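Chemist: Mapping of the sequence shown onto my numbering: residues 23 to 444, in sequence order.
Built from N, CA and C at the ideal position, the CB exists for glycine as well.
If you're wondering where the values come from, they're calculated on a predicted model, not measured in any experiment.
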Amino acid sequence: MIAAPVSTVFLTAGTLRLAPGTTASLLSAVLILCGAGALLQSLGVWRIGARLPFVMLPGGAATALFLQIAQDHGTPTAAGSVLLAAALLIAVLPLYARVVRLFPPLVMGVTVLLIGIAMIRVAARLVTGPDGEGEPRAVLLAGLTVAATVGAYVLLRGVWRQTAILTGMAAGVLLAVVTGLGTFAPAPGSGFSLPALLPYGTPVFDVLAALPLLVFSLTTLAEITGQTVLNSETVGRTPDPGRDVPRVARADALVSLVGGLFGTSLMVTSAENIGIGRLTGVRSRFVTAGAGVLLIGVGLATPVSRALAGIPEAVVGGSSLVVYAVIAVMGVEMLRRAELSGTGTGTMVAALALAAGLLPLLTPGLYDGFPGWARTILGSGVVAGTLTAVLLTALLGRFDRRDGPHDDVRSRRNHGKKHVTS
Numbered sequence: 023m024i025a026a027p028v029s030t031v032f033l034t035a036g037t038l039r040l041a042p043g044t045t046a047s048l049l050s051a052v053l054i055l056c057g058a059g060a061l062l063q064s065l066g067v068w069r070i071g072a073r074l075p076f077v078m079l080p081g082g083a084a085t086a087l088f089l090q091i092a093q094d095h096g097t098p099t100a101a102g103s104v105l106l107a108a109a110l111l112i113a114v115l116p117l118y119a120r121v122v123r124l125f126p127p128l129v130m131g132v133t134v135l136l137i138g139i140a141m142i143r144v145a146a147r148l149v150t151g152p153d154g155e156g157e158p159r160a161v162l163l164a165g166l167t168v169a170a171t172v173g174a175y176v177l178l179r180g181v182w183r184q185t186a187i188l189t190g191m192a193a194g195v196l197l198a199v200v201t202g203l204g205t206f207a208p209a210p211g212s213g214f215s216l217p218a219l220l221p222y223g224t225p226v227f228d229v230l231a232a233l234p235l236l237v238f239s240l241t242t243l244a245e246i247t248g249q250t251v252l253n254s255e256t257v258g259r260t261p262d263p264g265r266d267v268p269r270v271a272r273a274d275a276l277v278s279l280v281g282g283l284f285g286t287s288l289m290v291t292s293a294e295n296i297g298i299g300r301l302t303g304v305r306s307r308f309v310t311a312g313a314g315v316l317l318i319g320v321g322l323a324t325p326v327s328r329a330l331a332g333i334p335e336a337v338v339g340g341s342s343l344v345v346y347a348v349i350a351v352m353g354v355e356m357l358r359r360a361e362l363s364g365t366g367t368g369t370m371v372a373a374l375a376l377a378a379g380l381l382p383l384l385t386p387g388l389y390d391g392f393p394g395w396a397r398t399i400l401g402s403g404v405v406a407g408t409l410t411a412v413l414l415t416a417l418l419g420r421f422d423r424r425d426g427p428h429d430d431v432r433s434r435r436n437h438g439k440k441h442v443t444s
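1) Going along the chain, which unbroken runs of the beta strand (DSSP E) with 3 or more residues stay wholly within the region 59-131?
2) For the region 333-348 against the region 189-207, do three or more pairs of beta-carbon atoms, one drawn from each stretch, fall closer than 8 angstroms, so that the two count as touching?
3) Rounded to the nearest angstrom, how far is the Cβ of P225 from that of A101, given a contact under 8 angstroms?
4) Who are T167's beta bridge partners in DSSP?
5) Taking just the CA atoms, how far does T44 sit from G281?
6) If we require 4 or more residues per run, which alpha helix (DSSP H) segments fall completely within the region 343-391?
7) According to DSSP, what are the bridge partners of V226?
8) Can you look up T291 in the DSSP assignment and give me helix, strand or coil?
9) So what does DSSP say about A323, is it helix, strand or coil?
10) What does F214 pair with, by DSSP beta-bridge criteria?
11) Rounding to the nearest angstrom, what Cα-Cα distance links V168 and A86 in this structure?
12) Mark G36 as exposed unless 16 or more other C-beta atoms lie within 10 angstroms of its C-beta, in which case mark it buried.
13) Can you give me the C-alpha to C-alpha distance between V431 and I70, rounded to a whole angstrom?
14) Going by the CB atoms, is the gap between M289 and M130 shorter than 8 angstroms?
15) Beta-carbon within less than 6 angstroms of G66's beta-carbon, same chain only, minus the 5 sequence neighbours each way: which residues are those?
16) With distances taken Cα to Cα, identify the nearest neighbour of A92 among L235, G81 and A311.
17) Classify A311: buried if its beta carbon has 16 or more other beta carbons within 10 angstroms, exposed otherwise.
18) Here's the rule: buried if 16 or more other CB atoms are within 10 angstroms of the residue's CB, otherwise exposed. What is H441?
19) Considering only the alpha carbon of each residue, which of A140, P27 and G314 lies closest to P386?
20) For the pair the region 354-369 and the region 394-402, tell me if three or more CB-CB distances fall below 8 angstroms.
21) L38 to L106, Cα distance in whole Å?
22) What is the rounded straight-line gap between the Cα of L388 and the Cα of A378?
23) Which same chain residues, not among the five before or five after A164, have their C-beta less than 6 angstroms away from its C-beta?
24) From which residue to which residue does the alpha helix (DSSP H) around G332 run?
25) Does DSSP put G204 in a helix, in a strand, or in coil?
26) Closest to A41 by C-alpha separation, out of E255, G156, Q184 and P221, would be which residue?
27) Closer than 6 angstroms by C-beta to T189: which residues in its own chain qualify, once you throw out the five before and the five after it? Chain order, please.
28) How would you call A396, buried or exposed, if buried means at least 16 neighbouring beta carbons within 10 angstroms?
29) I need the DSSP call for A311, collapsed to helix, strand or coil.
30) If you check the beta carbons only, do S29 and I137 fall under 8 angstroms apart?
31) Can you list, in chain order, the residues of its chain with a C-beta nearer than 8 angstroms to that of A198? Leave out the 5 residues immediately preceding and following it.
32) Check D274 in the structure and name its three-state DSSP category.
33) Near A275, what residues of its chain come up, given a Cβ to Cβ distance below 7 angstroms and the 5 sequence neighbours on each side ignored?
34) In whole angstroms, what is the alpha-carbon distance linking I349 and G391?
35) Are there 16 or more other CB atoms within 10 angstroms of the CB of A51, so buried, or fewer, so exposed?
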């Protein structure tokens, strides 16, 4: 599971053009926080952590939104957005049962699909550069990295497939050095050190700019619910979402609050825990607690972080293309679970929400003449699409509930059955 934090940091560093020293510090922070989160979720403290075998990781979708905010409004605003989103998640936990109903699979599918599509463009810029004109050498190196990632995924089996991204990245670095398509330049530094506090400067709090992460933090409650139930079943514990989900979310939020001070995006309890647990047969939460201790140790060993910080941008770009394409496919899978049909309102909701979310991507200057607050909301494809999905689901859902009983009665009459309606 170390592949997720490593690849996420590379993507962040490449997108934001961070110096090697800052990249090494950020990687140390992410690894330490992953370890601390694993300890918190596995062992539990009071009402924080569900005492289940969970390892915490930086969320791919959350990182994508963090980078979007950083590119549009600056890294201090992105760091402030993480703090705002984590605080919001803590604040809404008493209303958990009501909030989670706002984000059915249809809404989550639209959100995740739009995140993946938007960030594929960002990943491509790592290969082409800010001007969008890629050098053939960089494009070739990115393509070789993608090919190596696909090869690793095909050849590896079981739990080892989780390392396909990291394996492809390592192969990309090797090819860059051997062929001369890129350079590998680790950052200098000492043996052990703590990550830098506030690497982007003092956080800036802008609620409008933070909207993508604020909305996403609420959608995570639905995802956390499913993961907690599945993990409980995997380890043989009776699922209790009302008790365990707020504890998992509270730990996620607290670790994210600390992460925001060290330059990371939102930290989440990853769905990879369920797959790895089922593949390996690990059921003990003390095993994941031990993994947390190991992650903290690796995070403090800065030679590892400094070496990993020297990976060429084109390699990071190639790996990122795979990651964000997978995120987009995850959105499609969520939409499939929504059971869309040609006659249901869900099809209309998905269509209009995707249109609202894709318009800013396909026509970047569409809202230039609008007030600043409107540009921030409508100009973010993720925010516009998600809000459209939430509002239309609530609005059209009323018509479904109103028409449903009549349709049901007509159907039953057609079968010649007598029913008493109240």
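Modeler: With the structure as the only source:
1) 78-80
2) yes
3) Taking the first residue of the sequence shown as 1, we reach residue 225 at position 203. Taking the first residue of the sequence shown as 1, we reach residue 101 at position 79. A Cβ-Cβ distance of about 4 angstroms is found for the pair P225 and A101, placing them in contact under the 8 angstroms criterion.
4) Residue numbering aside, residue 167 sits at position 145 when the sequence shown is read from its first letter. In the DSSP output, where bridge partners are listed per residue, T167 has none listed.
5) As a position in the sequence shown, residue 281 is number 259, starting the count at 1. As a position in the sequence shown, residue 44 is number 22, starting the count at 1. Using only the alpha carbons, I get a separation of about 15 angstroms.
6) 367-384
7) Looking up residue 226 in the sequence shown gives position 204. Bridge partners of V226: none, in fact.
8) Taking the first residue of the sequence shown as position 1, residue 291 is located at position 269. Three-state result, T291: strand.
9) Taking the sequence shown and counting its residues from 1, the one referred to as residue 323 is at position 301. Strand.
10) To locate residue 214, count along the sequence shown from 1; it is residue 192. A323, per the DSSP bridge assignment.
11) The residue given as residue 168 occupies position 146 in the sequence shown. The residue given as residue 86 occupies position 64 in the sequence shown. Each residue's alpha carbon lies about 19 angstroms from the other.
12) Counting from one through the sequence shown, the residue named residue 36 turns up at place 14. Classification for G36: buried.
13) Looking up residue 431 in the sequence shown gives position 409. Looking up residue 70 in the sequence shown gives position 48. Confidence at V431 is low in this model, with a pLDDT of 39, below 50, so its placement is unreliable and the value that follows should be read with caution. Spanning the two alpha carbons is a distance of roughly 48 angstroms.
14) Translated into positions along the sequence shown, residue 130 becomes position 108. Translated into positions along the sequence shown, residue 289 becomes position 267. Taking 8 angstroms as the Cβ cut-off, M130 and M289 do not qualify as a contacting pair.
15) Position 44 of the sequence shown, counting from 1, holds the residue named residue 66. The residues are R73.
16) Position 70 of the sequence shown holds residue 92. Here the closest residue by C-alpha is L235.
17) Sequence index remark: in the sequence shown, residue 311 carries index 289 (1-based). By the neighbour-count rule (16 or more Cβ atoms within 10 Å), A311 is buried.
18) Position 419 of the sequence shown, counted from the start, is the residue given in the question as residue 441. Residue confidence for H441 is low, a pLDDT of 40 falling below 50, so the modelled location carries little weight and cannot support an answer.
19) To locate residue 386, count along the sequence shown from 1; it is residue 364. Comparing Cα-Cα distances from P386 to each of A140, P27 and G314, the minimum goes to A140.
20) no
21) For the purposes of this step, residue 38 is taken as residue 16 along the sequence shown, with counting starting at 1. For the purposes of this step, residue 106 is taken as residue 84 along the sequence shown, with counting starting at 1. Cα to Cα, L38 sits roughly 21 angstroms from L106.
22) Stepping through the sequence shown from its first residue, residue 388 is reached at position 366. Stepping through the sequence shown from its first residue, residue 378 is reached at position 356. Cα to Cα, the separation comes out at about 11 angstroms.
23) On the sequence shown, residue 164 is found 142 positions in, with the first residue counted as 1. Closer than 6 angstroms at Cβ, skipping near neighbours: V149, A336, G339 and G340.
24) For the purposes of this step, residue 332 is taken as residue 310 along the sequence shown, with counting starting at 1. First-last for G332: undefined, no H or E at that position.
25) Looking up residue 204 in the sequence shown gives position 182. Reduced to three states, the DSSP call for G204 is coil.
26) As a first step, residue 41 must be located in the sequence shown, where it is residue number 19. With distances taken between Cα atoms, A41 lies closest to P221.
27) As a first step, residue 189 is located in the sequence shown; it is residue number 167 there, counting from the start. Cβ neighbours of T189 beyond the five flanking positions: A174.
28) Within the sequence shown, the letter at position 374 stands for residue 396. With fewer than 16 Cβ atoms within 10 Å of its Cβ, A396 is classed as exposed.
29) Within the sequence shown, numbered from 1, the residue matching residue 311 stands at position 289. Note: A311 maps to helix in three-state DSSP.
30) The count along the sequence shown starts at 1 and reaches residue 29 at position 7. The count along the sequence shown starts at 1 and reaches residue 137 at position 115. Cβ atoms of S29 and I137: not closer than 8 angstroms.
31) Position 176 of the sequence shown holds residue 198. Closer than 8 angstroms at Cβ, skipping near neighbours: L163, G204, T205, F206, P334, A336 and V337.
32) The count along the sequence shown starts at 1 and reaches residue 274 at position 252. In this structure, D274 counts as helix in the three-state DSSP scheme.
33) One-based indexing of the sequence shown puts residue 275 at position 253. Result list for A275: A108, L111 and I112, in chain order.
34) Translated into the one-based positions of the sequence shown, residue 349 becomes position 327. Translated into the one-based positions of the sequence shown, residue 391 becomes position 369. I349 and G391 have their C-alpha atoms spaced approximately 32 angstroms apart.
35) Taking the sequence shown and counting its residues from 1, one reaches residue 51 at position 29. The residue in question, A51, is buried, as its Cβ has 16 or more Cβ neighbours within 10 Å.
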